[in-house]
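Single-structure report; data block below.
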Amino acid sequence: MKAILWDMDGTLIDSEPLHEHALVEALRSLGIEPDPRLHDKVLGMSADKVYEWLCAEAGLSLPFGDWIRIKYSHYMQGVDLLKPMPGALECWRAAAARGLGQAVASNSDRIIVEANLGHMDLIAPGMVTVSRNDVREGKPAPEIYQRAAWLLGVDPSEAVVLEDSRTGALAGLAAGMQVLIVPYSEVAPPEGARKLADMAELKAMIAAA
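The opening residue of the sequence shown carries number 1 in the numbering used here; numbering runs sequentially from there.
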């Protein structure tokens, strides 16, 4: 292991509840009552894929640009309340101290990546981040993780992906990387990935790298 590639929402930062809140409030502002299981159905999807799903399944008819401005206006109201996922920042700092390469590779748009990481005070010179806006295809396509590894200068086989969603895990596997599902995720790991018992297990892997 020479590098850790972090998914952001629900893996590094506890932002999935805010995404759900913003999505629900945006739909209700348009007179659309959300499916009670909406968040589970779109977990891990990029904003463009969520929009396509809403148009097909929920009756959304706004142009994408108008929709995303409404959704993100609700999201930005809660950014200052975000917190890291349990043990995530400790592992981030341990990996940095060990000299491992690290990147944030997210299916979220650039505006969300920068808002979240800025609030967590994680943005630093030379930091590698890849958003949905930086690639042609989002997760589950491998491009986001492939680009992150390329920017870090590591072979995909030397990178470990941390994920909380099946969509993201499939992207990491397709990129030829080891994929670990974080312990606080309720997602069962797809074949080829495995779930961490706890974040202490990740810390031990970092110490042994």
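Note that beta-carbon positions come from the ideal geometry of N, C-alpha and C, so glycine has one too.
Chain-order list of residues whose beta-carbon lies under 6 Å from that of residue i (same chain, five-residue window excluded)
i	result
S185	D164
D155	none
P142	A171, A174 and A175
D133	Note that residue 133 corresponds to Asn in the displayed sequence, not to Asp. Taken in chain order, the residues that qualify are D109 and R110.
T129	V104 and V113
A58	I32
Own chain partners of residue i with C-beta closer than 7 Å, once the 5 adjacent residues on each side are dropped
i	result
E25	H74
W67	Y51 and L60
M76	A115
S131	S106, S108, D109, R110 and V113
Sequence-distant residues of its chain with Cβ nearer than 8 Å to residue i (five each side left out)
i	result
A200	G87
D198	G87 and P183
Residue range of the alpha helix (DSSP H) that includes residue i
i	result
Q146	E143 to L152
V42	L38 to V42
A200	M199 to A208
I68	F64 to M76
A175	Neither: A175 is in no alpha helix (DSSP H) and is coded neither H nor E.
A56	A47 to E57
DSSP-derived helix/strand/coil call for residue i
i	result
V113	helix
T167	helix
G101	strand
R194	strand
P125	coil
A188	coil
P156	helix
L82	coil
V135	coil
V130	strand
Enclosing beta strand (DSSP E) for residue i [first to last residue]
i	result
I13	Here I13 belongs to no beta strand (DSSP E), and DSSP marks it neither H nor E.
I32	Counting along the chain, I32 falls outside any beta strand (DSSP E), and DSSP gives it neither H nor E.
For residue i, the residue or residues it bridges with in DSSP
i	result
W6	V104 and L162
Exercise for the section: Would you be able to state if there are at least three C-beta pairs under 8 Å between the region 79 to 89 and the region 8 to 19? Expected result: yes
Practice task
Spell out a yes or no on whether the region 93 to 104 and the region 30 to 46 are touching, meaning 3 or more CB-CB pairs, one atom from each, closer than 8 Å.
Solution key: no
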